[in-house]
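*Asks:*
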Amino acid sequence: MQQDLINQTAVVTGGGAGIGRETSLQLARRGAQVIVSDLNAASGAAVVNEIKEQGGKADFVACDVSQESQIANLVAETLKLGRPDIWISNAGIGSKPTMMHKLSTEEWNRLILIDLTSVFWCHKYAAQAMLDDKKGGVIVNVSSVAGMGASPTLGAYSVAKAGVIELTLTTALELAKKNIRINVVCPGWADTAILDNSSGRFKDTITAQVPIGRLGTAAEVANLIVFLASPAASFITGSVYRVDGGIRS
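To convert, count from 1 in the sequence shown and add 1; that's this note's numbering.
Structure, rendered in structure tokens:
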């Protein structure tokens, strides 16, 4: 495999499972030192061990992205190991389908905090670290196709993910002249842990919505994330990428 990320340090939030896990593994295979961050220490440590068993370099830093202080600490811990050349803001949560007018304020606030505000905090601290030494860097945010159109019963989630897209477009223009590239990936339905507790009927229903005829995989989403983080995407910034099997919301 191409080793084009040697001497690069990459941070992946929500790196202990699903898309984050696969992204961490792929970054390491391409030579990056990976800081796997997750709320779940056991799953994060397991990914680090897996990377090391494959001959890669990785460390685990626990982080609850709902706490600004913990994101600031994640950057501080990363700086002890190497500057954050690549930052992947992947951590987030899903939501139980609920009509907007029936959504509690507490659930609204929770979704916005974890799926949008946390991405702002990650940008705030990671971008500043990249700016401090003037070497630039790459940020890839993970949104969703739910943020690209109306998503009935997924109101707070779709609003948060739409916010991630706008945050990406705005910050990409703000920092383009500072050699910091920022893009956003919008997955559709992927067969990840978020569906583990779903019924077979639900999976059949959502699979039927995908023109390509199947659910995506975490690896397929990670392929795009890692491409955007790599030198091969050196002229790409402020772009929104769908990886959804043809779904059009």
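Glycine included, every Cβ here is placed at the ideal spot set by N, Cα and C.
Keep in mind that this is a model prediction, so the values were computed, not measured.
For Cys187, list the residues DSSP reports as bridge partners.
*Replies:* Along the sequence shown, read from residue 1 onward, the residue named residue 187 stands at position 186. Paired residues: Arg243.
*Asks:* Where does Leu75 sit, in a helix, a strand or coil, going by DSSP?
*Replies:* For this step, residue 75 is matched to residue 74 along the sequence shown. Leu75: helix per DSSP, three-state reduction.
*Asks:* Pull up the distance between the alpha-carbon of Leu170 and that of Val12, whole angstroms please.
*Replies:* Within the sequence shown, numbered from 1, the residue matching residue 170 stands at position 169. Within the sequence shown, numbered from 1, the residue matching residue 12 stands at position 11. Approximately 21 Å, taken between the alpha carbons.
*Asks:* With DSSP as the reference, identify every bridge partner of Asp39, one or two as the case may be.
*Replies:* On the sequence shown, residue 39 is found 38 positions in, with the first residue counted as 1. Answer is Ala63.
*Asks:* With DSSP as the reference, identify every bridge partner of Val143, one or two as the case may be.
*Replies:* Your numbering for residue 143 matches position 142 in the sequence shown. In the DSSP output, where bridge partners are listed per residue, Val143 has Val186.
*Asks:* If I'm right that Trp190 touches Gly217 with Cβ under 8 Å, what's the distance once you round it to whole angstroms?
*Replies:* Sequence index remark: in the sequence shown, residue 190 carries index 189 (1-based). Sequence index remark: in the sequence shown, residue 217 carries index 216 (1-based). That pair is a contact at about 7 Å.
*Asks:* Rounded to a whole number of angstroms, what is the C-alpha to C-alpha distance between Arg202 and Gly246?
*Replies:* Translated into the one-based positions of the sequence shown, residue 202 becomes position 201. Translated into the one-based positions of the sequence shown, residue 246 becomes position 245. Roughly 20 Å separates the two Cα atoms.
*Asks:* Reducing DSSP to helix, strand and coil, say where Gly150 ends up.
*Replies:* By 1-based counting over the sequence shown, the position of residue 150 is 149. Residue state, collapsed to three classes: coil.
*Asks:* With a threshold of 8 Å, are at least 3 pairs of Cβ atoms found where one atom belongs to the segment 122–137 and the other to the segment 83–96?
*Replies:* Counting Cβ pairs under 8 Å, three or more are found: they touch.
*Asks:* If you count every other CB in all the chains shown that lies within 10 Å of the CB of Gln55, and 16 or more means buried, which is it?
*Replies:* Your numbering for residue 55 matches position 54 in the sequence shown. Classification of Gln55: exposed, given that the 10 Å Cβ count is below 16.
*Asks:* Hey, Ser25 and Gly19: beta-carbon distance below 8 Å or not?
*Replies:* Mapped onto the sequence shown, residue 25 falls at position 24. Mapped onto the sequence shown, residue 19 falls at position 18. No, the pair does not count as a contact, with Cβ atoms beyond the cut-off.
*Asks:* Between which two residues does the alpha helix (DSSP H) holding Val222 run?
*Replies:* Position 221 of the sequence shown holds residue 222. Where Val222 is concerned, the enclosing alpha helix (DSSP H) stretches over 219–230.
*Asks:* Give me the residue from Gly214, Leu28, Gly239 with the minimum Cα distance to Asp192.
*Replies:* Taking the sequence shown and counting its residues from 1, one reaches residue 192 at position 191. Minimum Cα distance to Asp192 is reached at Gly214.
*Asks:* How close, in whole Å, do the beta carbons of Pro188 and Ser240 come, if the pair is a contact with beta carbons under 8 Å?
*Replies:* Along the sequence shown, one-based indexing puts residue 188 at 187. Along the sequence shown, one-based indexing puts residue 240 at 239. With a Cβ gap of about 15 Å, Pro188 and Ser240 do not count as contacting.
*Asks:* Return the first residue and the last residue of the alpha helix (DSSP H) that Ala161 is part of.
*Replies:* For the purposes of this step, residue 161 is taken as residue 160 along the sequence shown, with counting starting at 1. First-last of the alpha helix (DSSP H) with Ala161: 156–176.
*Asks:* What residue range is occupied by the uninterrupted beta strand (DSSP E) comprising Ser90?
*Replies:* Taking the sequence shown and counting its residues from 1, one reaches residue 90 at position 89. 87–90 is the extent of the beta strand (DSSP E) around Ser90.
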